[in-house]
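Enquirer: Have a look at this one.
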């Protein structure tokens, strides 16, 4: 089964966020995700979802200054209170908008910080977030982000993610599997997908190496999508790429799957 969604943070970037819901519907999508929806109110988002008959299936916990080049929140000793407030805001949005899954970004190891305290802080913060999200019937996931695009990101590959899951030991926590980031880290896409499927709660995709739409790079998306369709995976697969052209012209890949 292939449940497709589109990421409104990277795709349809030519238009304001509030206008991207209509564009997603026009392409045939029934589900969308937004990295950080907090520039819009809950009421504004709900109105768009209702008008265009869309489900919002994933958002991120606010990540502080991470997307502006800072270190973020989740793994930073001393920023635990800010992280807890960020989780509360994510729970508020996800609960009101019926978002089933929330992603938690680990953040970056500060240049002046030792690794072990950052790992311990992340594990502790993830336990807190998982408890709060699970109590609201929301599934938590953590994402691997490659160290080229985001140097010093604390969880970059499958092995590091597995170690963090082991450290957290929370039954609700799963992986967000992004094939672009893993390809950038030199991971084999098909084998890591197949071997870790039981730990995966959400899938995102973009081609490698330029993070454009499928079939513009080196990932065999015909094999990738075919395997998922015939696997036990029942979650969403979200297009999270940087269009190589105008967003509305980047969906040739979609025709065979929607």
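Residue numbers (UniProt numbering): 1 to 258. Using N, Cα and C, we set each Cβ at its ideal position, and we do this for glycine too.
How is residue 170 classed by DSSP in three states: helix, strand or coil?
Expert: coil
Enquirer: Using three-state DSSP, classify residue 140 as helix, strand or coil.
Expert: strand
Enquirer: Runs of 3 residues minimum, wholly inside the stretch 76-133: which ones carry the beta strand (DSSP E) assignment?
Expert: DSSP runs (the beta strand (DSSP E)) wholly in the stretch 76-133: 101-104.
Enquirer: Pick helix, strand or coil for residue 200, following the three-state DSSP scheme.
Expert: strand
Enquirer: Buried or exposed: where does residue 72 fall if 16 or more other Cβ atoms within 10 Å of its Cβ makes it buried?
Expert: buried
Enquirer: For residue 240, count the other beta carbons within 10 Å of its own beta carbon; 16 or more makes it buried, fewer makes it exposed. Which is it?
Expert: buried
Enquirer: Using a Cβ-Cβ cutoff of less than 8 angstroms, which residues in the same chain neighbour residue 179 once the five nearest sequence positions on both sides are dropped?
Expert: 189, 193, 203, 204, 205, 206, 208, 219, 224
Enquirer: Do three or more CB pairs link the stretch 59-68 to the stretch 88-95 at distances below 8 angstroms?
Expert: yes
Enquirer: With distances taken between CB atoms, is the gap from residue 55 to residue 30 smaller than 8 angstroms?
Expert: Residue 30 sits close to residue 55, with the two beta carbons spaced by under 8 angstroms.
Enquirer: Does the separation of the CB atoms of residue 74 and residue 105 fall below 8 angstroms?
Expert: yes
Enquirer: From the DSSP output, which residues share a beta bridge with residue 56?
Expert: 32
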